[in-house]
Amino acid sequence: MTVLDAGRPSGRALPFTAISIALAWTALLIPIWLPAAPPTLDGPIHADIVRILLALERGDGAIASFFHTSWAPEPNLSIYALWLGLAHLVPSAIAEKLILSLYALLLAASAPIFLRIACGRWPRNPVAWLATAPFAFSAPFWFGFYNFVISLPLFVIATALSLRFVERPTARIGVALALVSLMTYFTHVMSFAALGVAWMALLPWVAVTRLNAATRLRQTALRIGAAAIVFAPTLLLLFLFLWRNRGETLTYAGRAEGLAERIQALATLSSLFATGLAEGAIVALLLLLLVVAALPALRRAQPLAIDALPIAALLLAFAALVVPDRLFGGGYTAIRIQLYPYLLFALWFAARAPSVWLDRRQRALGEAAAALLLLLAWVDGRAALRMSQQVETVIRATASLQAGKSVLPVMFNPNGRDANGAKLARGVPFLMNVGSRVAVAHDAINLRMHQANTLNFPVHYQEPANPYQMGILHTALWKDSITPSDLRGLRHDIDAYGRVDTVLAFGLEPDSDDPRLAALRRELSGWHEQRDSSLPGTILFSRT
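Here it is, written out as structure tokens:
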């Protein structure tokens, strides 16, 4: 299989083009390294889990009274194994940034890697080198779904290996595919499931367009048998995972559960951006450049195995509309699945783009794409810096918190707002889990760490100390906008649980007449109230 040519390169690539691509890839590190910590929704919880694992390694009794470890062969483990290993060499905050940097660069490089594996050579069109880079800072990244986003480049590589294997099932490709599929599973099970959907398109397409009609049935059966052997270890782990998680009930939902909302989200590229409309416009322009770059070749294209990718993309788009929004032990399923159709279409356009590097038109498109990626990195970096400043404000305002104390966060402004009251990020409540950043900074225990109440993570609450079983974390405290009535009964829950040392309230001005603050003070009557006038919006209530 080869990339369809619309001409032959007439000379060597200009160094300027290669430098532009390298610069565009490097710029992806700006939103990761510019802020003190990436201001994502679930990122603090991942950092907290690693801190707990390190504390349990050294025998910390206070942590052990709340948490225990579980290293069952579940998805979501690979990132913690890597993070834990790095945290023995560098500070955990640096390890987090190194892992996210690896993800961003690997995702950017996954397009040329895909074309090298699936099409037999490195692309010479500059746009093809940038095809997957626009997906680096998608909505799932800003939601802090680290395991999921890191599985995306593995999904791309597994899809490339699948294309090779379906056309010619050799032992070497089979072993490589088996290993990558296992890595995909241990990173996030959804990418392995998406690979299965892709196979539903790849196998019939190759059978019809690439195999001899006289031996089609026998050759297809052989490929199905070979695929069963290749995927057997991962399928066994998936079956065991589903069996262990049978009957699990989640207490949160995703962002777009209705069909109309999902169609709108899919049509507006909603899953590709989260910090604002400027980010979305840049990503849309990048994808448009990719389509324009491929148009010359599409006019006279002959069927290739890689043409199964649009079919797989349509199947996954359908799945994004109908699959339950709570699946595989996690929520926000629809917005995650929506990424795969865009990703597969981008790979297809990159493969179909003419392999002419020095053609002026193609080079101009490549330079424009590199410039847009630089602009995207600046827009996202600026947003990340503004959001992280609010996270740091909460951490500084809790400086008086003593080590080993348990903290119950009550977030009245989880979305973060600027001086004019406008949301800092589009739909991402990045302060919702800031209690875990506080716990990491001050060696405390966060009592709203949902992953510790979910089976497929390496840290669990101890049963006697699990606040999710005591009613203390009722649904009202997960709302984006808490009302005074939502706080009614909070003191009863706290007293029944008996292990809350501090309540962290964020988003209320201590001197305001906000009825929610009055309701919270009534519930915590007799507790000591601490605040820093230079750091507004954060109040600590501690037992006297």
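In this note's numbering, the protein residues as written are 5 to 548. Virtual Cβ for every residue (Gly too), placed ideally from N, Cα, C. These numbers come from a predicted model, not from an experiment.
From residue i to residue j, what distance separates their C-alpha atoms?
i    : j    : result
A180 : R495 : 56 Å
I83  : A231 : 27 Å
L226 : M204 : 16 Å
E265 : H532 : 45 Å
L292 : T272 : 13 Å
R176 : R452 : 46 Å
N249 : E467 : 17 Å
P519 : N450 : 26 Å
G439 : V94  : 23 Å
Q394 : L428 : 10 Å
D363 : I25  : 16 Å
G284 : A317 : 21 Å
L290 : S404 : 47 Å
A354 : L81  : 32 Å
I228 : R367 : 42 Å
A257 : D517 : Only weak support is given to the placement of A257: the predicted model assigns it a pLDDT of 45, under 50, and the question is left unresolved by the model.
A113 : A375 : 17 Å
D515 : I34  : 38 Å
Tell me the DSSP secondary structure of residue i in three-state form.
i    : result
E78  : coil
I543 : strand
A448 : coil
K101 : helix
T44  : coil
A260 : Residue placement at A260 is flagged as unreliable, the pLDDT there being 46, under the threshold of 50; the coordinate-derived value follows with that caveat. Residue state, collapsed to three classes: coil.
M194 : helix
V94  : coil
V442 : helix
Y336 : coil
L528 : coil
T174 : coil
R495 : helix
V327 : coil
T30  : helix
F434 : coil
T213 : helix
F71  : strand
Report, in whole angstroms, the separation of the C-beta atoms of residue i and residue j, which I expect to be a contact under 8 Å.
i    : j    : result
N460 : F245 : 7 Å
W209 : I315 : 6 Å
G370 : P130 : 3 Å
Q534 : L544 : 4 Å
E327 : T337 : The sequence shown places Val at residue 327, rather than the Glu named in the question. Indeed, because the Cβ distance is near 6 Å, the residues count as touching under 8 Å.
A381 : L32  : 6 Å
L435 : F510 : 6 Å
Within the same chain, show all residues whose beta-carbon is closer than 7 Å to that of residue i, passing over the 5 residues directly before and after it, in chain order.
i    : result
V54  : Y84, W87, L88, A91, S96
L110 : P157
N437 : L45, D46, P48, I49
A40  : S392, E396
S195 : S155, L156, L158, F159, T188
L319 : V201, M204, A205
By Cβ distance below 8 Å, which residues in the same chain neighbour residue i in space, the five residues on each side in sequence not counted?
i    : result
S142 : V153, S275, L276, F277, A278, L343
S199 : Looking at the sequence provided, one finds Leu at residue 199 rather than Ser. So the list reads F159, A162, T163, S166, S185, T188, once near-sequence residues are dropped.
A522 : P488
L281 : R430
R340 : P144, F149, F152, M194, S275
E171 : M5, V210, R214, A309
I103 : I83, L86, W87, L90, Y150, I154
Residue i lies in the alpha helix (DSSP H); which residues open and close that run?
i    : result
A231 : 220 to 248
V287 : 281 to 302
S392 : 364 to 401
A350 : 343 to 356
F145 : 143 to 146
P418 : Taken as a continuous stretch (DSSP letters only), P418 belongs to no alpha helix (DSSP H), as it is neither H nor E.
What I want to know is whether the C-beta of residue i ends up closer than 7 Å to one or more non-hydrogen atoms of the ligand SAM.
i    : result
I498 : Annotation note on the ligand SAM: not contained in the displayed structure, which lists no ligands.
In the DSSP assignment, the beta strand (DSSP E) including residue i goes from what residue to what residue?
i    : result
R535 : 532 to 535
P413 : 410 to 415
L508 : 506 to 510
Y465 : 463 to 465
H454 : Counting along the chain, H454 falls outside any beta strand (DSSP E), and DSSP gives it neither H nor E.
T548 : Element bounds for T548: n/a, residue is neither H nor E.
Which residues in the same chain have their Cβ closer than 6 Å to the Cβ of residue i, if we skip the five residues on either side of it in sequence?
i    : result
L389 : L38, P39
A99  : W87, L90, A91
Q455 : I49, F461
R400 : L539
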